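*Asks:* In the working numbering, the protein residues as written are 587 to 1256.
(1) Report the start-end ranges of each beta strand (DSSP E) in the stretch 755–841 that is 3 residues or longer and not cut off at the edges.
(2) Less than 9 Å separating the beta-carbons of residue 1100 and residue 1197?
(3) Smallest Cα separation from residue 797: which of 913, 811, 741, 933?
(4) Per DSSP, what are the beta-bridge partners of residue 851 in this structure?
(5) Could you name the residues that DSSP lists as bridge partners for residue 1236?
(6) Can you give the Cα-Cα distance for residue 1240 and residue 1230, rounded to whole angstroms?
(7) Who are the Cβ neighbours of residue 925 in its own chain at under 6 Å, not counting the five residues just before and after it?
(8) Measuring alpha carbon to alpha carbon, tell me which of 1119, 1115, 1152, 1126 ends up nearest residue 1141.
(9) Out of 1011, 816, 950, state which residue places its alpha-carbon closest to the alpha-carbon of residue 991.
(10) Just mark residue 1226 as buried or exposed, buried being the case when its beta carbon has 16 or more other beta carbons within 10 Å.
(11) Assuming the contact rule is C-beta atoms closer than 8 Å, residue 704 and residue 683 should be a hit. Round their C-beta distance to whole Å, please.
(12) Go through its chain and collect everything with a Cβ distance to residue 818's Cβ below 7 Å, but skip five positions before and after it.
(13) Against chain E, does residue 1200 count as a neighbour if the rule is that its beta carbon must be under 9 Å from one of theirs?
(14) Quick check on residue 1016: buried or exposed, where buried means 16 or more other Cβ atoms within 10 Å of its Cβ?
(15) Straight-line CA distance for residue 1045 to residue 889?
(16) Counting C-beta neighbours from all protein chains within 10 Å, is the total for residue 787 16 or more, i.e. buried, or is it exposed?
(17) Report buried or exposed for residue 1007, applying the criterion of at least 16 other Cβ atoms within 10 angstroms of its Cβ.
(18) Using CA coordinates, which residue listed in 691, 1055, 988 is at the minimum distance from residue 1001?
(19) Apart from the five residues just before and just after residue 874, which ones in its own chain have a Cβ nearer than 7 Å to its Cβ?
(20) Output the distance between the C-alpha atoms of residue 838 and residue 913, rounded to the nearest integer angstrom.
(21) Find the nearest neighbour of residue 1023 within the set 1014, 808, 1068, 1048, judged by alpha-carbon distance.
(22) Using C-beta distances below 7 Å, list every residue in its chain close to residue 1081, excluding the 5 sequence neighbours before and after it, in chain order.
(23) Applying the 10 Å Cβ sphere with the 16-neighbour rule, what's the burial state of residue 615?
(24) For residue 999 versus residue 722, is the C-beta distance shorter than 9 Å?
(25) Quick one, are the C-beta atoms of residue 681 and residue 740 less than 9 Å apart?
(26) Measure the CB-CB distance between residue 686 and residue 661 and report whether it falls below 9 Å.
(27) Do residue 774 and residue 800 have their C-beta atoms closer together than 9 Å?
Quick look at the structure:
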């Protein structure tokens, strides 16, 4: 998730999962057809390589230099300012996932970036770039190596796509490319089953079981149904059809389930034809075990028996003098990349009232940042076990940091790591942070709590925080909580040239404030800002003291509302009929509903948070469906609200300034 250490993928020696053309339940599974034309560069017509273009003299096609003496695309460059590459348009389908790969060889390929690789990018009907899929490449001097990645689901707005073999910007040396391919990766119709109970264990109350479905449009229809199978309190086998709006979940009382462990299964049918199934191991307990940190049904962290809202920042290394400064601010935790190796440093954090998210996110052999000596899976287990044994009982430990944007191709390893951490330390959860916000559901087996890291400033609007958080929460299926990672840093800290640095700036205090509240308004129950150590770099001459003060003011405002944010009187996101604009702007170019809203109940009063993520004033009305008709509305912060009572809904009217959040208190009525 880090700004300076983006990991868009990983070099792999073999497929983690094979793509298939059959959709669920079929006995015949074959690889999907290759969408790349002339991926080995062998076909030549009229002196030109079929399907590919040439780019200056830096990329050339040569006979005899590919794998086993075949033809290859060759790169040779000594100009760090050169950045261009050949490509080929490919026919991707919106809503589908694709695996892509290339074989790469390098010789003295040097530079700060990750080397020779391949990517897929897509554009809309107007040729505007919408995004893409990127994977770390090969650098230095290495023999033929396979580089592979998986895309997110292609967005619905995408009308064209292009596959590009290339060497990343600013790199010099030699590289060879061969055997490029892109194939559809067919998802199973029932990808998994998840529950709202933390780690699928519960004592009482209700639990919802939800099936993650991937149903192609041509198979969707009224005949589709999901049936859940489970054992009731008497141990009898039961089946129940999903009855929620999307037809993929059931809610049961824990008391109606068999005591002890059991497998709950979801099956997808089209009429009488069974299309696929998946399940989970659920355990009904007589009492919950002691856990230092866990999550309740509202997605709140329960730390040492009390609700806790993580509010912190990323760090590089923990040092005494910096902790003294940090501890004077409003933050209650930190996530240091260089995880403390000594108990003394953990003791220091505890003495200052700070919790630590302990990082083991690099401990995967073959990855770019793996610690020295991590060469095998056994090395990983030995390293992680040592850290867990040292610190699992330390009072400063909040959670384990398991994954920093590692790719979906590593999912089996990532899921195994989460399982290992639960076995080694059942008392603390595992946190993963991803830029892959469209693939959260696919990553679900690999984390207990997730975060995504929108860093839009200055190239995108601050409302990007709303988009990412909404998609993150949707991806969790309502079954796992989110600790989001807002942007507090200046991208100039990660740019090399003065020209590139000059195009960057830090978020203004108003932007930072808005992005933080946007994350909360869309469901986040924790914020870890990125990053404290970037403030110290003073990019573009920024004063640390000024930027730190801005972060503290934003943090203080959030911390002041902990009693509301952590209240258990209401169900959190219990608002809301919707948001409408009283005075629509004719020139408005953003999403139809760029506002964010969330509500809580505290001491019998309803608190409504509304956030404007855009840099224009908005006049709006929020429709509220309350258990008790509201009384007087007052402002906790933000503009003065107006509450109008209707026959069915109450309407909360607000005039929000650019980027402005508002928290409104509505006294309990009748």
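Using N, Cα and C, we set each Cβ at its ideal position, and we do this for glycine too.
The structure presented is a predicted model; accordingly, all values stated were derived computationally and were not measured.
*Replies:* In terms of the structure at hand:
(1) Segments of the beta strand (DSSP E) lying fully in the stretch 755–841: 758–771, 776–781, 792–799, 810–817, 823–827, 835–839.
(2) Contact: yes.
(3) 811
(4) 815, 865
(5) 1210, 1231
(6) 11 Å
(7) 944, 945
(8) 1115
(9) 950
(10) exposed
(11) About 16 Å; that fails the 8 Å criterion.
(12) 824, 842, 843, 844
(13) Looking at the structure shown, chain E is missing, and only one protein chain is on hand.
(14) Burial call: buried.
(15) 38 Å
(16) buried
(17) buried
(18) 988
(19) 789
(20) 44 Å
(21) When the alpha-carbon of residue 1023 is set against those of 1014, 808, 1068, 1048, the nearest one is in 1068.
(22) Around residue 1081: 1087, 1090.
(23) Because residue 615 carries a pLDDT of 43, less than 50, the predicted location of this residue cannot be relied on, and the following value inherits that uncertainty. Exposed.
(24) no
(25) yes
(26) no
(27) In contact: residue 774 and residue 800 (Cβ atoms closer than 9 Å).
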